[in-house]
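Asker:
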Ligand code: C5P
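Written out as structure tokens, the structure is:
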């Protein structure tokens with residue numbers, strides 16, 4: 761059984777800003793698991809991943825690959841050499857593409873980072889999915905179907921809303937990981953997120969990892985906010 765954990769989304773524009781933030785955590789007993797997204801990776805390149813790794817953090821590299829299987833396989837082999845702990849693809853790329861991603865990620869010794877799939881982005885409404893993507897199934901049916909595809913391709917789990925974690929576990933098994941952004945403290949600011957819940961509630965529904973950005977990065981005391989997430993979510 762996987763250990764529940766809190767992943768901080770490092771949505772910063774530069775290495776300088778990122779390290780200013782990470783320096784706050786230097787004395788912490790628990791080294792935060794960090795998510796690096798497109799903005800920071802495209803700005804600073806692979807060196808930012810190596811530097812953060814050298815500081816001893818686990819890294820979820822959130823680049824959401826979606827291309828033909830051969831390209832994804834080769835790109836994943838490159839990311840695997842960066843020694844990240846988790847990376848992801850779009851489930852919409854098909855089972856074949858997800859299999860290729862897994863193959864590319866697997867190192868010569870058989871080890872590999874965790875690999876998860878994005879089902880439907882939380883920014884996509886059911887109405888747009890229908891009208892623009894011509895998907896007639898409901899959002900929940902689509903999410904469960906994509907999660908099943910990801911499991912069939914041998915992936916470890918999916919990114920979804922914490923509110924969907926229970927349904928994904930029901931369909932794909934308790935060991936299939938749910939990595940869930942959209943987390944807010946009960947007394948906190950929701951900002952642009954819509955389907956949100958608290959760390960404590962995410963734990964009850966069964967999220968395996970919560971991804972928390974602004975409630976920690978923009979807090980007056982980020983270390984205290986991180987500790988509060990850990991207390992509520994990991995217990
Ligand atoms: O600041 P906040 O807690 O809203 O940050 C959530 C993080 O999770 C951001 O990096 C955002 O891009 C990411 N994310 C999300 N919803 C998804 C997938 C990723 O909020 N469906």
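Residue numbers (our numbering): 761 to 995.
Ideal placement from N, C-alpha and C gives every residue a C-beta, glycine not left out.
1) Any idea if residue 846 is buried or exposed, counting beta-carbon neighbours within 10 angstroms, 16 or more meaning buried?
2) May I have the straight-line CA-CA distance separating residue 898 from residue 892, to the nearest angstrom?
3) Taking only the alpha-carbon atoms, compute the straight-line gap between residue 885 and residue 900 and give it to the nearest angstrom.
4) Answer yes or no: do residue 817 and residue 792 have a C-beta to C-beta separation smaller than 8 angstroms?
5) Would you report the Cα separation of residue 865 and residue 911, rounded to the nearest angstrom?
6) Ligand 1 and residue 953: does the residue's C-beta get closer than 7 angstroms to at least one heavy atom of that ligand?
7) Since residue 880 contacts residue 902 with CB under 8 angstroms, what's their CB separation in whole angstroms?
8) Go through its chain and collect everything with a Cβ distance to residue 985's Cβ below 7 angstroms, but skip five positions before and after it.
9) Decide if residue 938 is buried, meaning its Cβ has at least 16 other Cβ atoms within 10 Å, or exposed.
10) With a CB to CB cut of under 6 angstroms and the five nearest residues on each side skipped, what residues in its chain are close to residue 780?
11) Figure out for me which residue from 848, 970 and 955 has the closest Cα to the Cα of residue 913.
12) Quick one: residues in its chain with C-beta nearer than 6 angstroms to the C-beta of residue 969, no 5 flanking neighbours on either side, listed in chain order?
13) Once the 5 residues before and after residue 905 are set aside, which same chain residues still bring their CB inside 8 angstroms of it?
Answerer: In brief:
1) Taking the first residue of the chain shown as 1, we reach residue 846 at position 86. Buried, since its Cβ has 16 or more Cβ neighbours within 10 Å.
2) Working through the chain shown from its first residue, we reach residue 898 at position 138. Working through the chain shown from its first residue, we reach residue 892 at position 132. Rounded to whole angstroms, residue 898 to residue 892 spans 14 angstroms at the Cα level.
3) Along the chain shown, one-based indexing puts residue 885 at 125. Along the chain shown, one-based indexing puts residue 900 at 140. Taking the CA atoms as reference points, residue 885 sits about 11 angstroms from residue 900.
4) In the chain shown, counting from the first residue as 1, residue 817 sits at position 57. In the chain shown, counting from the first residue as 1, residue 792 sits at position 32. With a cutoff of 8 angstroms on beta-carbon distance, residue 817 and residue 792 are scored as near each other.
5) Within the chain shown, the letter at position 105 stands for residue 865. Within the chain shown, the letter at position 151 stands for residue 911. If you take the alpha carbons of residue 865 and residue 911, they lie about 16 angstroms apart.
6) Stepping through the chain shown from its first residue, residue 953 is reached at position 193. Flag set: Cβ of residue 953 near ligand 1.
7) Locating residue 880 in the chain shown gives position 120, where the first residue counts as 1. Locating residue 902 in the chain shown gives position 142, where the first residue counts as 1. Residue 880 to residue 902, Cβ: 6 angstroms. Contact.
8) On the chain shown, residue 985 is found 225 positions in, with the first residue counted as 1. Same-chain partners within the cutoff: 975, 976 and 979.
9) As a first step, residue 938 must be located in the chain shown, where it is residue number 178. With 16 or more Cβ atoms within 10 Å of its Cβ, residue 938 is classed as buried.
10) Position 20 of the chain shown, counted from the first residue, corresponds to residue 780. Here the set comprises nothing.
11) Working through the chain shown from its first residue, we reach residue 913 at position 153. Minimum Cα distance to residue 913 is reached at 848.
12) Locating residue 969 in the chain shown gives position 209, counting from the first residue. These residues qualify, in order along the chain: 765, 767 and 939.
13) Locating residue 905 in the chain shown gives position 145, counting from the first residue. So the list reads 897, once near-sequence residues are dropped.
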